[in-house]
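Undergrad: Sharing a structure here in structure tokens format.
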Amino acid sequence: MQVLCAGDEFITPTMLVEAVRSELAGEDAGFTTHASRWPGEPWYATGEVAEAAGAEDEIVEAVRGVDLLVTHLAPVTERVLAAADRLRLVATPRGGPTNVDLDAATRHGVAVVNLPGRNARAVAEFTVGILIAGRRNIARSHARMREGEWTGDLYRYDEAGPELAGQTVGLVGLGQVGTRVAELLRAFGVRLLAADPYVDPDVATERGVRLVGLDELVESSDVISLHARLTPQTRRMIDEKVLDRVRPGAYLVNTARGDLVDHDALVDALRAGRLSGAALDVYAVEPPAADDPLRTMPQVVTVSHLAGASRDVAHRAARRIAADVGRFVAGRPLEHCLNPEVLPARPGVAS
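5 is the number of the first residue of the sequence shown in the numbering used here; add one for each residue after it.
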């Protein structure tokens, strides 16, 4: 059995090899590796895959004769799958593996397993952190200090931000990240709302959250925090019409996906003062253009897509995806399979 571990500078090939080797102890498994330079080099999108890293031509060569592909971001395209004459499994430690052409994998009879929630804790912590850094002027003061400035104007009443206690926070999406954000924010004494058509109201209540529609959420929230997955239905869901309805002075946080928000409508809402500010970790185009006004607005905190970056995430992702590789090889039920219809014909891989 041959295993290709294609990692990068976050989840390294070595991490993947060590985790998978541990799960396949006793199996006759050989390992090869491939390393992309992400995040040192940005990921890319084609018409077939998105958020991919590593040259497709290199992956095409690397997968020949491989039974199992374990990868974080390598492009798994029709070309790659066509070249992988023995491939039976693609295992990717991501919640939304947009670097994999799932339809093509299914046509080739290749099972695809993923890892929802692998960085939920990290993103939730980061969300609360960037919210406080923005609303309490931590980021603005830090930037000024780095420039050699010591100014007292941020202590003026008009510039000072509110405490979280007593505020209403609206979560757009109450999945694994949104739920963890709610858990953290409850300690601050906030009132929690959420808009999520896939969550039962009773489940939301158990999580200390009142489920409402998006219109009520934006009209009632002091803070709007985005935690929805990007789909054709959610793309630019926060548009001009929605932003026209926000509570005056509301604050927007986005640590999910940039294209959930209409960029131009966001800029207009900030300039008009309908939003008091925003904290952004993600953008519709990454990196954003050098002249993007969001980069220089003093009321906007901009960070370079870091919310999911913790050392714990990297190790946890490698261990958990390797566990599903072990289940596949042993013919046991998989924890997360995106195309289970291929499994009856591919129960496992003989060693």
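Just so it is clear, CB atoms sit at the ideal spot from N, CA and C, and this is done for glycine as well.
Specify the secondary structure class of residue 37 as computed by DSSP and reduced to three states.
TA: Strand.
Undergrad: Note down the Cα distance separating residue 135 from residue 187, rounded to an integer number of angstroms.
TA: Rounded to the nearest angstrom, the two C-alpha atoms are 15 Å apart.
Undergrad: Under a three-way DSSP split, which group does residue 147 fall into?
TA: It is helical.
Undergrad: By Cβ distance below 8 Å, which residues in the same chain neighbour residue 254 in space, the five residues on each side in sequence not counted?
TA: Cβ neighbours of residue 254 beyond the five flanking positions: 222, 225, 226, 227, 228, 278, 279, 280.
Undergrad: Can you tell me the Cα-Cα spacing of residue 78 and residue 128, whole angstroms?
TA: Approximately 26 Å, taken between the alpha carbons.
Undergrad: What ranges does the beta strand (DSSP E) occupy inside the region 123-190, keeping only unbroken runs of at least 3 residues that lie completely in it?
TA: Complete beta strand (DSSP E) runs here, min 3: 172-176.
Undergrad: Can you tell me whether residue 350 is helix, strand or coil according to DSSP?
TA: Confidence at residue 350 is low in this model, with a pLDDT of 46, below 50, so the placement of that residue should be treated as unreliable; the coordinate-derived value is given next. In this structure, residue 350 counts as coil in the three-state DSSP scheme.
Undergrad: With a threshold of 6 Å on Cβ separation, who are the neighbours of residue 83 within its own chain once the five nearest residues in sequence on each side are excluded?
TA: The residues are 64.
Undergrad: Measure the C-alpha to C-alpha separation of residue 233 and residue 161 and round it to an integer number of angstroms.
TA: Cα to Cα, residue 233 sits roughly 37 Å from residue 161.
Undergrad: Give the secondary structure of residue 225 by DSSP, where H, G and I count as helix, E and B as strand, and everything else as coil.
TA: In this structure, residue 225 counts as coil in the three-state DSSP scheme.
Undergrad: Given a cut-off of 8 Å, decide if residue 215 and residue 205 are closer than it, judged by their beta-carbon atoms.
TA: Yes, these two residues count as a Cβ contact at 8 Å.
Undergrad: Identify which residue in 106, 75, 71 has its Cα closest to the Cα of residue 90.
TA: Comparing Cα-Cα distances from residue 90 to each of 106, 75, 71, the minimum goes to 71.
Undergrad: Using the C-alpha atoms, what's the distance from residue 338 back to residue 331?
TA: For residue 331 and residue 338, the distance between alpha carbons rounds to 6 Å.
Undergrad: Please report the straight-line C-alpha distance between residue 350 and residue 333, rounded to a whole angstrom.
TA: Any reading at residue 350 must be qualified, since the residue scores a pLDDT of 46, below 50, and its modelled position is unreliable; no value is offered.
Undergrad: What is the C-beta distance between residue 311 and residue 130, in whole angstroms, given that I count them as a contact (C-beta under 8 Å)?
TA: The Cβ separation is near 4 Å, so the contact holds.
Undergrad: Leaving out the 5 sequence neighbours to the left and right, which residues in its chain are closer than 7 Å to residue 102 when beta-carbon positions are compared?
TA: The residues are 53, 54, 55.
Undergrad: Figure out for me which residue from 61, 183, 73 has the closest Cα to the Cα of residue 24.
TA: It is 73 whose Cα lies nearest to the Cα of residue 24.
Undergrad: Could you have a look at residue 54 and say whether DSSP puts it in helix, strand or coil?
TA: Note: residue 54 maps to coil in three-state DSSP.
Undergrad: Under DSSP, the alpha helix (DSSP H) around residue 271 begins and ends at which residues?
TA: Segment 267-276, the alpha helix (DSSP H) holding residue 271.
Undergrad: Rounded to whole angstroms, what is the Cα-Cα separation between residue 213 and residue 196?
TA: Taking the straight line from one Cα to the other gives about 5 Å.
Undergrad: Suppose contacts are defined by Cβ-Cβ distances below 8 Å. Is residue 98 in contact with residue 76 by that definition?
TA: Yes. Within cutoff.
Undergrad: Can you grab the Cα-Cα spacing for the pair residue 118 / residue 100, in whole Å?
TA: When rounded, the distance between both Cα atoms is 7 Å.
Undergrad: Can you list, in chain order, the residues of its chain whose CB lies under 7 Å from that of residue 314, leaving out five sequence neighbours each side?
TA: Around residue 314: 126.
Undergrad: Would you decide whether residue 201 is buried or exposed? Buried here means 16 or more other CB atoms lie within 10 Å of its CB.
TA: Counting Cβ neighbours within 10 Å, residue 201 comes out exposed, since fewer than 16 surround it.
Undergrad: Are the CB atoms of residue 199 and residue 208 nearer to each other than 8 Å?
TA: No, Cβ-Cβ distance for residue 199 and residue 208 is not below 8 Å.
Undergrad: Which same chain residues end up closer than 8 Å to residue 62 when comparing Cβ atoms and leaving out the 5 residues on each side of it in sequence?
TA: Within the same chain, residue 62 has close Cβ partners 38.
Undergrad: Rounded to a whole number of angstroms, what is the C-alpha to C-alpha distance between residue 151 and residue 346?
TA: Roughly 58 Å between the two C-alpha positions.
Undergrad: Please classify residue 42 as buried or exposed, where buried requires at least 16 neighbouring CB atoms within 10 angstroms.
TA: So residue 42 counts as buried.
Undergrad: Less than 8 Å separating the beta-carbons of residue 291 and residue 46?
TA: Result yes, Cβ atoms of residue 291 and residue 46 sit closer than 8 Å.
Undergrad: Around the C-beta of residue 139, are 16 or more other C-beta atoms found within 10 angstroms, so that it is buried, or is it exposed?
TA: When all chains shown are included, residue 139 counts as buried.
Undergrad: For residue 68, does the count of other Cβ atoms within 10 angstroms reach 16, so buried, or fall short, so exposed?
TA: Exposed, because fewer than 16 other Cβ atoms sit within 10 Å of the Cβ of residue 68.
Undergrad: Can you name the start and end residues of the beta strand (DSSP E) that residue 306 belongs to?
TA: Segment 304-306, the beta strand (DSSP E) holding residue 306.
Undergrad: Within the continuous beta strand (DSSP E) that includes residue 281, where are the two ends?
TA: From DSSP, the beta strand (DSSP E) with residue 281 extends over 279-284.
Undergrad: Can the beta-carbon of residue 11 be found closer than 8 Å to that of residue 19?
TA: In contact: residue 11 and residue 19 (Cβ atoms closer than 8 Å).
Undergrad: I'd like the list of long-range same chain contacts for residue 17, defined as Cβ closer than 6 Å, with 5 residues on each side in sequence excluded.
TA: Closer than 6 Å at Cβ, skipping near neighbours: 9, 11, 37, 39.
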